[in-house]
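These notes concern the structure reproduced below.
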Amino acid sequence: MKIFYNSLGFRTLLYREIHRFFKVFVQTILAPLLSNLLYLAVFGGMLKTREVGLEGVNYLHFLVPGLVTMGALMAAYQNPSFSLVQQKFQGTIQEINSYPISDMEKSMAFILGGTFRGILVGILTYVATLPFVGFYIEKPFLFFFSIILTSFIFSSLGLIFGLLLDNFEKMNFILAIVITPLSYLGGVFFEISKLSGILAYLGLLNPIYPLVSITRYAYLGFNEGSIIAQGSSAAIFLVVTFVTSILLFKKGIGIKVR
Numbered sequence: 001m002k003i004f005y006n007s008l009g010f011r012t013l014l015y016r017e018i019h020r021f022f023k024v025f026v027q028t029i030l031a032p033l034l035s036n037l038l039y040l041a042v043f044g045g046m047l048k049t050r051e052v053g054l055e056g057v058n059y060l061h062f063l064v065p066g067l068v069t070m071g072a073l074m075a076a077y078q079n080p081s082f083s084l085v086q087q088k089f090q091g092t093i094q095e096i097n098s099y100p101i102s103d104m105e106k107s108m109a110f111i112l113g114g115t116f117r118g119i120l121v122g123i124l125t126y127v128a129t130l131p132f133v134g135f136y137i138e139k140p141f142l143f144f145f146s147i148i149l150t151s152f153i154f155s156s157l158g159l160i161f162g163l164l165l166d167n168f169e170k171m172n173f174i175l176a177i178v179i180t181p182l183s184y185l186g187g188v189f190f191e192i193s194k195l196s197g198i199l200a201y202l203g204l205l206n207p208i209y210p211l212v213s214i215t216r217y218a219y220l221g222f223n224e225g226s227i228i229a230q231g232s233s234a235a236i237f238l239v240v241t242f243v244t245s246i247l248l249f250k251k252g253i254g255i256k257v258r
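Here it is in structure tokens:
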């Protein structure tokens, strides 16, 4: 059986996922963008003279790549997860089984829809910071690749939780109790090296930390830790989330009636 055999059906489902969040762009695009700008204004305004552990880097420049990464991963995660849970709430989830496209095409449409939303929020967050920090990216290609990578990983993760969970309460619990704290403790607002004791080890084990570090390295040209180790961690995270999401979708978890 072909993995991809109905390009029109795939594009239609992908368009539906993208169109879905554009219909409520105030909630899906504008709201996270304004939140990131508030973070920049509050933390940047209060701590703009704070020294960071990277020589020659002020706190505003340090903060930008963290906010870009956080905005991208949050948006990418929410798109497929809330799309699937919404269909479960409406009782239309099993209609996915009748789509004349392969399981790979279905899952990739959800993942790429979330990836697109994550990229959009990430790039708009960066553009919105330009009046505060000016136009500057040390490694532009790596910077935008990191946004794409982060968005793809968390869109795959969103697909996983969208399949496993069956209501908005559980989805919001994961977002508020797991994803958000991991983002805050993943080096977005401070250097992991400033942590001590068990918090330092937990910070290094945080799967979001390598993604923030790679984006910061691309933006500033240097960062704390080994970029090779962080790249390897991000690659492992990518493979695990993507393969797991595809396998769950192919097995019909959360979609097919048992």
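The sequence shown begins at 1 in the UniProt record's numbering and counts up by one. Glycine is no exception: its CB is placed at the ideal position from the N, C-alpha and C atoms. Nothing here was measured: the structure is a model prediction, and the numbers come from that model.
Query	Result
Using a threshold of 8 Å, state whether the C-beta atoms of serine 107 and serine 245 are closer than that.	yes
If I measure Cβ to Cβ from proline 207 and keep anything under 6 Å in the same chain, skipping five residues before and after, which residues do I get?	Phe237
Would you identify the three-state DSSP class for arginine 20, choosing helix, strand or coil?	helix
Is the beta carbon of threonine 125 closer than 8 Å to that of valine 212?	no
To the nearest angstrom, how far is the alpha carbon of isoleucine 101 from that of arginine 11?	10 Å
Among Leu84, Glu191, Leu112 and Asn36, which has the Cα closest to the Cα of phenylalanine 168?	Leu84
Less than 6 Å between C-beta atoms, sequence neighbours within five positions excluded: which residues of the same chain meet that for asparagine 36?	Leu67, Gly71 and Thr125
By a C-beta neighbour count over all protein chains shown, 10 Å radius and 16 as the cutoff for buried, is phenylalanine 141 buried or exposed?	exposed
Which same chain residues end up closer than 8 Å to lysine 88 when comparing Cβ atoms and leaving out the 5 residues on each side of it in sequence?	Asp166, Asn167 and Gly254
Out of curiosity, what's the CA-to-CA distance linking isoleucine 18 and serine 151?	14 Å
Determine the extent of the alpha helix (DSSP H) in which alanine 76 is found, giving its start and end residues.	59 to 90
Just to confirm my understanding: we take methionine 171, look at its own chain, exclude 5 residues before and 5 after, and list those with CB closer than 8 Å. What are they?	Ser81, Phe82, Val85, Phe161, Gly162 and Leu165
Quick one, are the C-beta atoms of isoleucine 137 and tyrosine 219 less than 8 Å apart?	yes
Quick one: using the 10 Å Cβ neighbour count with 16 as the cut-off for buried, is tyrosine 217 buried or exposed?	buried
If you compare alpha carbons, which of Phe154, Met104 and Ile96 is closest to glycine 122?	Phe154
Excluding the five sequence neighbours on either side, which residues of its own chain have a C-beta within less than 7 Å of the C-beta of leucine 157, listed in chain order?	Tyr77 and Thr241
Is it buried or exposed for threonine 92, if we count other Cβ within 10 angstroms and need 16 for buried?	exposed
What whole-angstrom Cβ distance do leucine 13 and alanine 109 have, given they're in contact under 8 Å?	4 Å
Quick one: measure Cβ to Cβ for phenylalanine 132 and leucine 60, integer angstroms, because I've assumed they're closer than 8 Å.	6 Å
Using the C-alpha atoms, what's the distance from proline 32 back to alanine 41?	14 Å
Around the C-beta of threonine 180, are 16 or more other C-beta atoms found within 10 angstroms, so that it is buried, or is it exposed?	exposed
Secondary structure at glutamate 138, three-state DSSP: helix, strand or coil?	coil
What separation, rounded to the nearest whole angstrom, lies between the Cα atoms of glycine 134 and tyrosine 39?	17 Å
Which residue comes first and which comes last in the alpha helix (DSSP H) that contains lysine 170?	168 to 174
What would DSSP say about glutamate 191, mapped onto helix, strand or coil?	coil
Using only the alpha-carbon positions, how far apart do glutamine 27 and arginine 117 sit?	12 Å
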